[in-house]
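Colleague: Submitted below is the structure of interest, expressed as structure tokens.
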């Protein structure tokens, strides 16, 4: 397999079709690896998370020119202060990241990737620092094996849990799967909200609505959370608007609100992708906390997912207790740091 690094945006832009086609049969197919989301992330460097970076798309092709693998990378100064390559999407706003490669090509692609980095010589990056790789990804052992065979150092580090619910066939079966106390609490919260003086409404934004206005409404809810005001810089707001628009245009956005009267009490920004709901971000209006609007909206979204045949409800990263209380079972994401062996000085150097 021949792997070449590309550094120009035009190469990135032209790959959309074959990129997403390869992703659909890759070992890891998640919304954060879609071409449209990766492109948005690169255009804002993660909403300003990174000050600078150089595009390093590792493109692997077979002898017939067919696309075999993509290493969506950029070169930067890592959090450890090293000159390295990291996944596009690193670190804070993409919950799952990985190589894009079919299972039959993984071993060859992992080896070709490290070989191509080595070929850059002294001027090349010294570390491949990969965050947010799902624990079930076969890329973890494949890269570790390739590193071992080439004399690279490999360090795998467990990062955060990513609780997820395997959804049953109906709502009552889901409720029965919860602990008795949690089941009682969830039903109580839903009844209290539904008996509220101001009528409540569960609403998923549709294609006929003003998406920009709905996104801004959601960001206003996010900004109520302590610490989120500083997070939602103009660059980050622009990133969210672009990402929401990209997801909507490609048919896998789920932007939902719980409304009390005319006001939004809670909002969830999710992705409805590959038969799963991916719970990306949320916002709660503190004036409506008596309604437990976050819990109630999540309950409606879980019920919607069951009724529409979704197989899983993925809460993504985070230790928040409600994720397990609602039935989420832990999985984890990992960081894998691969460091090149020390370069042998050339004669006379």
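Numbering (my numbering), first residue to last: 4 to 352.
Every residue gets a Cβ at the ideal spot worked out from N, C-alpha and C, and that includes glycine.
Keep in mind it's a predicted model, so treat the numbers as computed, not measured.
When every heavy atom of the ligand SAM is checked, does at least one fall within less than 6 Å of the C-beta of residue 112?
Modeller: Ligands displayed in this structure: none; no statement on the ligand SAM is therefore possible.
Colleague: Would you kindly work out how many angstroms separate the C-alpha atoms of residue 14 and residue 61, rounded to a whole number?
Modeller: Straight-line Cα distance between these residues: approximately 11 Å.
Colleague: Use the C-beta contact count for residue 348: other C-beta atoms within 10 angstroms, 16 or more gives buried, fewer gives exposed.
Modeller: Annotation note: pLDDT 49 at residue 348 (below 50); position unreliable, coordinate value reported separately. Per the 10 Å Cβ criterion, exposed.
Colleague: Output yes or no for whether 7 Å exceeds the beta carbon distance between residue 35 and residue 134.
Modeller: For residue 35 and residue 134, no; Cβs fall outside 7 Å.
Colleague: Any chance the stretch 332-343 sits against the stretch 304-315, with 3 or more Cβ pairs inside 8 Å?
Modeller: Short answer: they don't touch.
Colleague: State the Cα-Cα distance for the pair residue 322 and residue 164, rounded to the nearest angstrom.
Modeller: One C-alpha to the other measures close to 7 Å.
Colleague: Tell me whether residue 351 is buried or exposed, calling it buried when 16 or more other Cβ atoms sit within 10 Å of its Cβ.
Modeller: Because the pLDDT at residue 351 is just 45, under 50, the model does not fix this residue reliably, and the point stays unresolved.
Colleague: Are the beta-carbon atoms belonging to residue 208 and residue 258 less than 7 Å from one another?
Modeller: Closer than 7 Å, so yes.
Colleague: Following the continuous alpha helix (DSSP H) through residue 221, name the residue where it begins and the one where it ends.
Modeller: Where residue 221 is concerned, the enclosing alpha helix (DSSP H) stretches over 214-225.
Colleague: Is it true that the stretch 126-142 meets the stretch 27-42, where meeting means three or more beta-carbon pairs spaced less than 8 Å apart?
Modeller: The stretch 126-142 is in contact with the stretch 27-42.
Colleague: Would you identify the three-state DSSP class for residue 330, choosing helix, strand or coil?
Modeller: Of the three classes helix, strand and coil, the one that applies to residue 330 here is coil, per DSSP.
Colleague: Helix, strand or coil for residue 336 per DSSP?
Modeller: Looking at residue 336 - three-state DSSP - the assignment turns out to be strand.
Colleague: Classify residue 12 as buried or exposed, calling it buried when 16 or more other Cβ atoms lie within 10 Å of its own Cβ.
Modeller: So residue 12 ends up on the exposed side.
Colleague: From the DSSP secondary-structure annotation, give me the bridge partner or partners of residue 259.
Modeller: Residue 259 pairs with 207 and 271.
Colleague: In three-state DSSP terms, what is residue 98?
Modeller: Of the three classes helix, strand and coil, the one that applies to residue 98 here is coil, per DSSP.
Colleague: Would you please state the rounded distance, in angstroms, between the beta carbons of residue 269 and residue 260? I believe it to be under 8 Å.
Modeller: Residue 269 to residue 260, Cβ: 7 Å. Contact.
Colleague: By alpha-carbon positions, which one of 310, 243 and 150 ends up nearest to residue 97?
Modeller: That would be 243, whose Cα lies nearest to the Cα of residue 97.
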